[in-house]
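The block underneath contains the structure these notes are about, expressed in structure tokens.
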Amino acid sequence: MMERPDLKQALGRLLGAAGPEVGCEECFEQLDRYVELELDGQDADAAIPGLRAHLAGCPACREEHESLRALVGGEQAL
Ligand SMILES: [Zn+2]
408 MMERPDLKQA LGRLLGAAGP EVGCEECFEQ LDRYVELELD GQDADAAIPG LRAHLAGCPA
468 CREEHESLRA LVGGEQAL
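Reading the sequence shown from the start, the letters are residues 408 to 485 in this note's numbering.
This is the structure we're talking about:
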């Protein structure tokens with residue numbers, strides 16, 4: 408069986424993906440940290456590349472991100 412890395416790259420370009428790909432699974436794994444960095448005023452995009460792009464293109468993860476922000480932000484405000 409031959410691997411087709413070119414095909415994957417071409418597809419990535421087609422979809423306008425920049426930087427490392429982040430899937431939903433990885434997104435969920437990193438989301439806590441991402442939100443903590445964001446609320447801490449740090450550069451979450453630089454710390455976890457590709458996650459913002461995934462959130463932009465994935466309504467399910469975007470929703471999760473928003474509720475996590477509300478949750479963590481609310482805790483910090485107490
Ligand atoms: Zn997702």
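Virtual Cβ for every residue (Gly too), placed ideally from N, Cα, C. The model shown is predicted, which means the values in this text are computed figures rather than measured ones.
Bounds of any alpha helix (DSSP H) do not take in Val-429, whose DSSP letter is neither H nor E. In the three-state DSSP reduction, Asp-439 falls in the helix class (H, G or I). Nearest neighbour of Gly-480 by Cα position, chosen from Ala-467, Asp-447, Glu-470, turns out to be Asp-447.
Closest in C-alpha terms to Tyr-441, from the list Gly-430, Cys-431, Cys-465, Arg-459, comes Arg-459. Counting every other CB atom within 10 Å of its CB across the protein chains shown gives Leu-438 a total of 16 or more, marking it as buried.
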